[in-house]
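Taking it in order: structure first as structure tokens, then the write-up.
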Amino acid sequence: YTSDTATAFNSVTHICRDVNYGWLLRYMHANGASMFFICLYLHVGRGLYYGSYTYTETWNMGVLLLFAVMATAFMGYVLPWGQMSFWGATVITNLLSAIPYIGTDIVE
Numbered sequence: 001y002t003s004d005t006a007t008a009f010n011s012v013t014h015i016c017r018d019v020n021y022g023w024l025l026r027y028m029h030a031n032g033a034s035m036f037f038i039c040l041y042l043h044v045g046r047g048l049y050y051g052s053y054t055y056t057e058t059w060n061m062g063v064l065l066l067f068a069v070m071a072t073a074f075m076g077y078v079l080p081w082g083q084m085s086f087w088g089a090t091v092i093t094n095l096l097s098a099i100p101y102i103g104t105d106i107v108e
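With the first letter of the sequence shown counted as 1, position 1 gets the number 1 in the working numbering; the numbers rise by one all the way through.
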């Protein structure tokens, strides 16, 4: 990890050009995260289809795990990229303000 974008992009170029199968590593890494989340969403959809939400405790634990995975991905990928952190802060405040009764008080 490096906070300087020029250095970060140089390291990506190095991996793609100078490392054996570096291009494959880059594209598997880039698309793997998206595929992981697609699988999570399919898993939630399957649970909705088969009525797994009736098992309240288990369903709530799954929702908490989904939120934890999304928060981890958000903190580890979106926030370190400079301008994206402003977007991230906007998303977080919008989500918090949507909470009924207390949302606007939390944001203010």
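Backbone N, C-alpha and C define an ideal beta-carbon position, used for all residues, glycine too.
Taken through DSSP and simplified to helix, strand or coil, E108 comes out as coil. Take C16, set aside five residues on each side of it, and the residues of its chain with a beta-carbon closer than 7 Å to its own are G22, W23, R26, in chain order.
Less than 9 Å separates the beta-carbon of G47 from that of G62. Following the DSSP letters along the chain, one finds I99 in no alpha helix (DSSP H), marked with neither H nor E. Straight-line measurement puts the Cα of V69 at about 10 Å from the Cα of M75. A direct Cα-Cα distance of roughly 48 Å separates Y101 from N10. In this structure, the straight-line span from the alpha carbon of H14 to that of N60 is close to 44 Å. DSSP, read as helix, strand or coil, puts G51 in coil. Secondary structure at V63: helix, using DSSP grouped into helix, strand and coil.
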